[in-house]
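Novice: Under this note's numbering, the letters of the sequence shown match residues 257 to 630, in that order. Sharing a structure below in structure tokens format, with a few things to ask.
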Amino acid sequence: MTAIDRDIIGRDHANDIDAILAMRNEDVDASIKVVQNNADSIFTWDYEKGSRPRLNKLYEKAKHSMWDGETDLDWSIDVDMDKVLEDMRPVAEFQDQSLRRAAEQPGSPLKNWGDKEWFELGREGLTWQLSQFLHGEQGALVATAKIVETVPWIDAKYYASTQVMDEARHVEVFAKYLDLKIQDHYPVNIHLQHLLDDVINDSRWDMTYLGMQIMIEGLALAAFGFLHNMTQEPLLKKLLRYVMSDEARHVAFGVLSLQEYYQDLSLAEIQERQEFAFESALRMRDRFLRQEVWHRLGVDDTREIIKFQLEAPEEEKEFQRLLFSKIVPNCKKLGLLDAGEGWLRTKFEEIGVIQFEHLESTDTEYADFALGAD
Ligand SMILES: [Fe+2]
Ligand SMILES: [Fe+2]
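This is how it looks when you write it as structure tokens:
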């Protein structure tokens, strides 16, 4: 067996439902979580600022792009969650196509569902999604603090330090929105937690970049954009727009740094990065199965529902696929799609997301996300 034929995160195949269901967050009441960080902290004595001009440019831009969630967002806006959900209903119905088919199956746990239950799914789904954004933002806060310590380049340390501040603001505004406007939240999804663990555990600094800057933040940028387009709620819309202006820069930071670093890696090392990228992709896809929402809605047997979602026809998976619209072109830019006989390309074909490879990569499009650019 070659390195690239081995099982992915201990599974028989990508849609291994037993493996997906076996994972649960057993620690939902804990107030802290300890994750082992195995990386060295690195000092550099080469202080020459701007020796990596594109990172330096990002750093200079970041210093002037800081907004303030307390004063730039109008927290006095009254949020009527029923109206928010009503506005999003057509999109939610489109997104839930495979679930609605599942409800029609004999013996389905959703067979008695009416309008009220589907509406509740929308409410719980949004609460769940914003909660996972919040936890992901804290992951980014911790991961970029780690990058400040572990990356050996001064321009990257400078830039990463601005990102730490950005992520603090992101955690702050999502936490405040959930607390004030939704007054509810979900604990971290187990698949997201495993991914954050991988990002923090790894001893190699570039793996933190790949997992966080390219995969998690690439997905976040697409997911924020989707919700930003979908919602008419002015506070959430502006909050997402502000966060996205930072996230695009963060993803660009990942692409620019890894592009340089990967040039000197061996094929075997690149193959490890391909596997890490695909494992991260699977964990993020599994996160969107929203197991916690089903449990809260009283659906204990989620196997059939998850099976329907995983095996839905391609045309019903548009939302899921959109989440990869930033990740795939950025992986391509890094040379990860086609190295090693195109292993990652084949994997992305299998999960139906390869069509995004021709979109613009974020290192060139990030300026379009700047505040005032639209
Ligand atoms: Fe963020
Ligand atoms: Fe970020």
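Quick reminder that beta carbons are idealized off the backbone N, C-alpha and C, glycines included.
Quick one: measure Cβ to Cβ for residue 500 and residue 344, integer angstroms, because I've assumed they're closer than 8 Å.
Specialist: Start at 1 with the first residue of the sequence shown, and residue 500 comes out as number 244. Start at 1 with the first residue of the sequence shown, and residue 344 comes out as number 88. Incorrect: roughly 18 Å between the Cβ atoms, too far for contact.
Novice: Measure the alpha-carbon distance for residue 509 versus residue 629 and round it to whole angstroms.
Specialist: For the purposes of this step, residue 509 is taken as the residue at position 253 of the sequence shown. For the purposes of this step, residue 629 is taken as the residue at position 373 of the sequence shown. Cα to Cα, residue 509 sits roughly 19 Å from residue 629.
Novice: Mind checking whether the beta-carbon of residue 504 lies closer than 7 Å to any heavy atom of ligand 1?
Specialist: In the sequence shown, the residue the question calls residue 504 occupies position 248. Answer for residue 504: no, Cβ out of range of ligand 1.
Novice: Which full runs of the alpha helix (DSSP H) of 4+ residues lie inside the region 267 to 292, going along the chain?
Specialist: Whole alpha helix (DSSP H) segments, 4+ residues: 273 to 277.
Novice: Within 10 angstroms of its Cβ, does residue 258 collect 16 or more other Cβ (buried), or is it exposed?
Specialist: Working through the sequence shown from its first residue, we reach residue 258 at position 2. Its pLDDT being 36, under 50, residue 258 is placed unreliably by the model, and nothing is read from it.
Novice: Going straight from the alpha carbon of residue 475 to that of residue 370, what length do you get?
Specialist: Mapped onto the sequence shown, residue 475 falls at position 219. Mapped onto the sequence shown, residue 370 falls at position 114. Approximately 32 Å between the Cα atoms of the pair.
Novice: If we call anything under 8 Å between Cβ atoms a contact, is residue 317 one with residue 505?
Specialist: On the sequence shown, position 61 is the one that residue 317 refers to. On the sequence shown, position 249 is the one that residue 505 refers to. Against a cut-off of 8 Å, the Cβ pair of residue 505 and residue 317 comes out as a contact.
Novice: How do the region 547 to 562 and the region 456 to 475 stand: do at least 3 beta-carbon pairs fall below 8 Å, yes or no?
Specialist: No, because fewer than three Cβ pairs between the region 547 to 562 and the region 456 to 475 fall closer than 8 Å, the two stretches do not touch.
Novice: Using a 10 Å radius around the Cβ and a threshold of 16 neighbouring Cβ atoms, would you call residue 280 buried or exposed?
Specialist: In the sequence shown, residue 280 corresponds to position 24, counting from 1. Exposed is the call here.
Novice: Output yes or no for whether 8 Å exceeds the beta carbon distance between residue 341 and residue 386.
Specialist: Stepping through the sequence shown from its first residue, residue 341 is reached at position 85. Stepping through the sequence shown from its first residue, residue 386 is reached at position 130. Going by C-beta atoms, residue 341 is not nearer than 8 Å to residue 386.
Novice: For residue 347, does the three-state DSSP call read helix, strand or coil?
Specialist: Counting from 1 along the sequence shown, the entry for residue 347 is found at position 91. In this structure, residue 347 counts as helix in the three-state DSSP scheme.
Novice: Under a Cβ-count criterion, where at least 16 other Cβ atoms within 10 Å of its own Cβ denotes burial, should residue 523 be classed as buried or exposed?
Specialist: Position 267 of the sequence shown holds residue 523. Residue 523 comes out exposed.
Novice: Does the region 434 to 452 come close enough to the region 542 to 552 that 3 or more CB-CB pairs lie under 8 Å?
Specialist: A contact exists between the region 542 to 552 and the region 434 to 452.
Novice: What runs of the beta strand (DSSP E), each 3 residues or longer, lie entirely inside the region 528 to 606?
Specialist: Listed in chain order, there is nothing to give.
Novice: Just mark residue 537 as buried or exposed, buried being the case when its beta carbon has 16 or more other beta carbons within 10 Å.
Specialist: Position 281 of the sequence shown, counted from the start, is the residue given in the question as residue 537. It counts as buried.
Novice: Are there three or more Cβ pairs, one per stretch, closer than 8 Å when the region 488 to 502 is compared with the region 594 to 611?
Specialist: Counting Cβ pairs under 8 Å, fewer than three are found: no touch.
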